[in-house]
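> Just dropping this structure here.
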Ligand SMILES: *Cc1c(COP(=O)(O)O)cnc(C)c1O
């Protein structure tokens, strides 16, 4: 574990963001922190532990394995499973108290069967909570608002399942255009209808939630009983909802990026005019220069499409990555007779200000025509996360 390519997780920044969210959202609104994809690449267990310390009692994951990792680490909070699992995974939901999202007859019936069997073999008589997902316009999982009543009935008529909540997910809440804000409002209205349908059937809808990070910050009239922040936990604003925008609306809220990706200079080589660098010979030295070799590549999450364009920080100065990024290495042009860059110097790819990096994940996202979410979750397993 002495590899120089590593990700540092600034625990205090993570705590700062969670505290900001807790302060921003009214105390009677519950918070469900999205820790899927290993906490957006930041270490799910650490994020979950800090959330629990702050009295946040819901976490959201995408897979049963992610939920089990949290349980094995002693996390007691409620865990929402946001994606659909397979029948062989269902028993673990009941064994480890994981709350699934449901929306189809078929899936609910499978859960009923599994929960009945679970209670029979363990000789217990329990009710397990499920949350009913409504598709109000995301176009992903969820039933339509007018089907909510019958689905809720199916759940509450079963012996061992009960409706613990309802949820929906916004498709364009991170955009401030009139069109998209209108669409978000329509989704919200559809969700209210679905909740009313369930109430009309005489069933308690439980904990209702719809707001992701963007809606929490921009649509605070749409929060219901619980909100589900993801990206803001890790210190990044969702698209149009920026710090400047919130300031202009007089909102007191700040975020700190949590993760820095770094490596070291492992070789410095002299290159002569006309020599090319890396696969495809996309870069040729126009004059004699020195090239630093870094042991980080696309198999670490440094996306191939970041070059050309990517600049990395060495001792407070930015230098361009030249030529193609390889699987495990890339090359940086430090110029001729550079006295400031030495062997084993630290190289910052991106991170919060205190890491010394000049780029954030947002800067890299722009470069790679993607979003901070993808930059963060692309960092692979072989990059050790060091908590600081
Ligand atoms: C990932 C996810 C969230 C969190 O989204 P952010 O944009 O990161 O805040 C909330 N709800 C659901 C259903 C999700 O899948």
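Numbering (the working numbering), first residue to last: 39 to 426.
For every residue, glycine included, the Cβ atom is placed at its ideal position computed from N, Cα and C.
Given the structure is predicted, the values throughout are model-derived calculations rather than measurements.
1) Any chance the CB of residue 269 is under 7 angstroms from a heavy atom of ligand 1?
2) Taking Cβ positions, are residue 346 and residue 273 nearer each other than 8 angstroms?
3) Would you identify the three-state DSSP class for residue 254, choosing helix, strand or coil?
4) Tell me whether residue 251 counts as near ligand 1, meaning its Cβ is closer than 7 angstroms to at least one heavy atom of that ligand.
5) Less than 7 angstroms separating the Cβ of residue 86 from some heavy atom of ligand 1?
6) Along the chain, which unbroken stretches of the beta strand (DSSP E) at least 3 residues long are found entirely within the stretch 316-402?
7) Between residue 370 and residue 323, what straight-line distance do the alpha-carbon atoms span, to the nearest angstrom?
8) Thinking residue 57 and residue 82 are a contact (beta carbons under 8 angstroms), I'd like their distance in whole angstroms, please.
9) Evaluate residue 292 with the Cβ neighbour count: other Cβ atoms within 10 Å of its Cβ, from every protein chain shown; 16 or more gives buried, anything less gives exposed.
10) Under the DSSP definition of a beta bridge, which residues are partnered with residue 167?
11) What do you get for residue 119, buried or exposed, if any count of 16 or more other CB atoms within 10 angstroms of its CB means buried?
12) Would you kindly report the start and end of the unbroken beta strand (DSSP E) that includes residue 233?
13) Applying the criterion that 16 or more other CB atoms from any shown protein chain within 10 Å of the CB defines a buried residue, is residue 17 buried or exposed?
14) Do you know how far the Cα of residue 331 is from the Cα of residue 277?
15) Just checking residue 487 against ligand 1 - is the residue's beta carbon closer than 7 angstroms to any of the ligand's heavy atoms?
16) So residue 442 and residue 147 are in contact, right, with Cβ under 8 angstroms, and what is the actual spacing, rounded?
17) Within its chain, find whatever has a CB closer than 7 angstroms to the CB of residue 279; leave out the 5 residues flanking it on each side and keep chain order.
18) If we count Cβ pairs, one from each stretch, closer than 8 angstroms, do we get three or more for the stretch 398-417 versus the stretch 370-379?
19) Taking contact to mean 3 or more Cβ pairs, one atom from each stretch, closer than 8 angstroms, check whether the stretch 416-424 and the stretch 354-362 are in contact.
20) Tell me whether residue 416 sits in a helix, a strand or coil according to DSSP, three-state version.
21) By the DSSP assignment, the alpha helix (DSSP H) with residue 157 in it spans what residues?
22) Once you ignore the five residues that flank residue 157 on each side, which residues in its own chain have a CB closer than 7 angstroms to its CB?
23) Counting only the same chain and skipping the five closest in sequence on each side, list residues whose C-beta sits under 6 angstroms from that of residue 295.
24) Which residue marks the beginning of the beta strand (DSSP E) containing residue 422, and which one marks its end?
25) Flag residue 74 as yes when its Cβ comes closer than 7 angstroms to any non-hydrogen atom of ligand 1, and as no otherwise.
By the coordinates alone:
1) By one-based count along the chain shown, residue 269 stands at place 231. At least one heavy atom of ligand 1 is nearer than 7 angstroms to the Cβ of residue 269, so yes.
2) In the chain shown, residue 346 corresponds to position 308, counting from 1. In the chain shown, residue 273 corresponds to position 235, counting from 1. Not a contact, by the Cβ cut-off of 8 angstroms.
3) Counted from its first residue, the chain shown places residue 254 at position 216. Residue state, collapsed to three classes: helix.
4) By 1-based counting over the chain shown, the position of residue 251 is 213. Correct: residue 251 has its Cβ closer than 7 angstroms to ligand 1.
5) If you number the chain shown from 1, residue 86 lands on position 48. Because no heavy atom of ligand 1 lies under 7 angstroms away, the Cβ of residue 86 does not count as near it: no.
6) 327-332, 349-352, 355-360, 368-371, 384-388
7) Stepping through the chain shown from its first residue, residue 370 is reached at position 332. Stepping through the chain shown from its first residue, residue 323 is reached at position 285. Approximately 12 angstroms, taken between the alpha carbons.
8) Counted from its first residue, the chain shown places residue 57 at position 19. Counted from its first residue, the chain shown places residue 82 at position 44. Residue 57 to residue 82, Cβ: 19 angstroms. No contact.
9) Against the chain shown, residue 292 aligns to sequence position 254. Under this definition residue 292 is an exposed residue.
10) Translated into the one-based positions of the chain shown, residue 167 becomes position 129. For residue 167, which the question treats as bridged, DSSP gives the partners 200.
11) In the chain shown, the residue the question calls residue 119 occupies position 81. Looking at its Cβ environment, which holds 16 or more other Cβ atoms inside 10 Å, residue 119 is buried.
12) For this step, residue 233 is matched to residue 195 along the chain shown. Careful: residue 233 lies outside any beta strand (DSSP E), inside the alpha helix (DSSP H) at 216-238.
13) A question about residue 17 goes unanswered here, because the residues of the chain that appear run from 39 up to 426.
14) Taking the chain shown and counting its residues from 1, the one referred to as residue 277 is at position 239. Taking the chain shown and counting its residues from 1, the one referred to as residue 331 is at position 293. Answer to the nearest angstrom: the Cα atoms are 34 angstroms apart.
15) Residue 487 lies beyond the residue range present for the chain, which begins at 39 and ends at 426; the question has no answer from this structure.
16) Coverage of the chain is limited to positions 39 through 426, which leaves residue 442 absent and any answer about it impossible.
17) As a working mapping, residue 279 is identified with position 241 in the chain shown. Cβ within range, chain order: 212, 252, 255, 256.
18) no
19) no
20) For this step, residue 416 is matched to residue 378 along the chain shown. Residue 416 falls in the coil class under three-state DSSP.
21) Within the chain shown, the letter at position 119 stands for residue 157. Here the alpha helix (DSSP H) through residue 157 covers 143-160.
22) Translated into the one-based positions of the chain shown, residue 157 becomes position 119. Closer than 7 angstroms at the Cβ level, and outside the excluded window around residue 157, lie 163, 164, 198.
23) In the chain shown, the residue the question calls residue 295 occupies position 257. Only 273, 390, 398 meet the Cβ criterion.
24) Residue mapping note: residue 422 aligns to position 384 of the chain shown, counting from 1. Note, residue 422: beta strand (DSSP E), 422-425.
25) Stepping through the chain shown from its first residue, residue 74 is reached at position 36. Yes, the beta carbon of residue 74 sits closer than 7 angstroms to at least one heavy atom of ligand 1.
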